[in-house]
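Chains as they are written, first to last, in our numbering: chain A, 2 to 201; chain B, 2 to 201. To start, the structure itself, in structure tokens.
There are 2 protein chains.
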Amino acid sequence: MGKGEQTRDAILDHAMRLASKVGLAGLSIGRLAADLEMSKSGLFAHFQSKETLQVQVLDRAGALFAATVVRPALAAPRGERRLRALFERWLDWTKTAGLPGGCLFVTAAVELDDRPGPVRDRLVALQKEWLDVIARVARTGIPEGHFAGNLDPDQLAHDLYAVMLGYHHAARLLRDPRAADRARAGFESLLTATRARRSA
Amino acid sequence: MGKGEQTRDAILDHAMRLASKVGLAGLSIGRLAADLEMSKSGLFAHFQSKETLQVQVLDRAGALFAATVVRPALAAPRGERRLRALFERWLDWTKTAGLPGGCLFVTAAVELDDRPGPVRDRLVALQKEWLDVIARVARTGIPEGHFAGNLDPDQLAHDLYAVMLGYHHAARLLRDPRAADRARAGFESLLTATRARRSA
């Protein structure tokens, strides 16, 4: 990796951590230049525009999420255990990844929902990819006999996303010390409902 | 209601609708003055500071939520039907209340989670009140025999909040046309899990 790339990655890492606190809109080239003791023109040489920077921060966070959550969880056995591994790593990911302001994607989702453009498009693409990963992992539980054949994996992916948004809300806004336990109980309810529908 | 109060309410209604799109941080006295063709000093006479305005916008939204969701739902029979009424009205509330940018509380939660102060405190108080209302309504289903005696009403309130955050994410960021159906299916899963635990 050349020096240019190293600098670019260092900028993106800093920007990603900052964005987890202040949102993507809070990423100004001026602020980053001051934080990193670089010139604004030096930063512009790497990113050309704030929008390019924002898209690359999202991509960087996506790569970190894949490395921290997805790839290790895929090492677990197919089916329910893999889904549980995915869920537990997801629950901890902002700590593991060292994001001080919580999940960047949750913040960005609310920031960007009314702002059409390439940054929003990139976020939507990343979120859909992630929902697809969850659905695919859930689907591996059907041939294993962990989940019923009538399981709707896309619904389960949506529901798990909701559980995680509830966790973020309880932990970060309400400072609820039981936020993680609440999220785990929500996850178990979803699995219980899946089993109840099978036996019904 | 005096003319002063009427003006104040008209400002708050406009500010609330604007905040549903741009967030509470986007509420500048200057922007409101321009939108409403008032002088900045006229607006300051009503609100003194941006922070006071933000707190009052939250209170106004809380009052609207109570009128649109809570009070009509409380007219439904105790227990499961009342909980369903609460859920359905909640799902539709931004449409019923005419909030063009979706739920103001969801946006504010992400905006304010890292910003200590009176606005955040007011939001947290309103959110806890609302979770308490859900838990109390869920609890009325126990003596009615709709829910098991071992139901944890606070967990159910947390879980329903998560379902609604998932709805907001799917509807507003992902523009998923099935967002409301997904939320309803998530709600049914929670009730199914409650029943499965009772019969287990």
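From the three backbone atoms N, C-alpha and C, an ideal C-beta is built for every residue, glycine too.
Legend entry - Own chain, CB closer than 8 Å to V58 (chain A), minus 5 neighbours either side, in chain order: Correct list, in chain order: L13, A16, M17, A20, L25, L28, L105.
Legend entry - Among B:P101, B:L124, B:P119, nearest to A1 (chain B) - alpha-carbon criterion: Here chain B covers residues 2 to 201 and nothing more, so residue 1 (chain B) does not appear.
Legend entry - Touch test, the stretch 146–158 of chain A against the stretch 84–94 of chain B, Cβ-Cβ under 8 Å, three pairs minimum: Contact check between the stretch 146–158 of chain A and the stretch 84–94 of chain B: fewer than three CB pairs, one atom from each, fall below 8 Å, which does not count as touching.
Inset, instruction - Would you mind stating whether Y162 (chain A) and G167 (chain B) have Cβ atoms separated by less than 8 Å? - result: Against a cut-off of 8 Å, the Cβ pair of G167 (chain B) and Y162 (chain A) comes out as a contact.
Legend entry - Nearest-angstrom Cβ-Cβ length linking F66 (chain A) and F188 (chain A), presumed shorter than 8 Å: Their Cβ separation, rounded to whole angstroms, is 18 Å, which puts F66 (chain A) and F188 (chain A) out of contact at 8 Å.
Legend entry - Per-residue contacts from V125 (chain B) into chain A (C-beta, under 7 Å): Per Cβ cutoff of 7 Å: L174, L175.
Legend entry - For L75 (chain A) and L157 (chain A), the rounded distance between their alpha carbons: The alpha-carbon atoms of L157 (chain A) and L75 (chain A) are separated by roughly 18 Å.
Inset, instruction - Answer with yes or no whether the minimum CB distance from Q156 (chain A) to chain B is below 8 Å. - result: Look at Q156 (chain A): its C-beta is under 8 Å from a C-beta on chain B.
Legend entry - Expected contact under 8 Å - CB spacing of D208 (chain A) and A126 (chain A) to nearest Å: Given a span of 2 to 201 for chain A in the structure shown, any question on residue 208 (chain A) remains unanswerable.
Inset, instruction - Kindly indicate the opening and closing residues of the alpha helix (DSSP H) around P73 (chain B). - result: Taken as a continuous stretch (DSSP letters only), the alpha helix (DSSP H) holding P73 (chain B) covers 72–75.
Inset, instruction - Starting from the beta carbon of Q128 (chain B), find every residue of chain A whose beta carbon is closer than 9 Å, and list them in chain order. - result: What Q128 (chain B) touches in chain A: H170, L174, L175.
Legend entry - For W131 (chain B), the nearest candidate out of A:L44, A:L175, A:K129 (CA to CA): Of A:L44, A:L175, A:K129, the residue nearest in Cα terms is A:L175.
Inset, instruction - Since I believe G103 (chain B) is in contact with R32 (chain B) (beta carbons under 8 Å), could you give me their beta-carbon distance rounded to a whole number of angstroms? - result: Actually they are not in contact, since the Cβ atoms of R32 (chain B) and G103 (chain B) sit about 20 Å apart, beyond 8 Å.
Legend entry - Beta-carbon proximity of A184 (chain A) to T193 (chain B), cut-off 8 Å: No, these two residues do not count as a Cβ contact at 8 Å.
Legend entry - C-beta atoms of V70 (chain B) and R90 (chain B) nearer than 8 Å: Yes, they are a contact pair.
Inset, instruction - Report yes if the C-beta distance between G80 (chain B) and G142 (chain B) is below 8 Å; otherwise report no. - result: Taking 8 Å as the Cβ cut-off, G80 (chain B) and G142 (chain B) qualify as a contacting pair.
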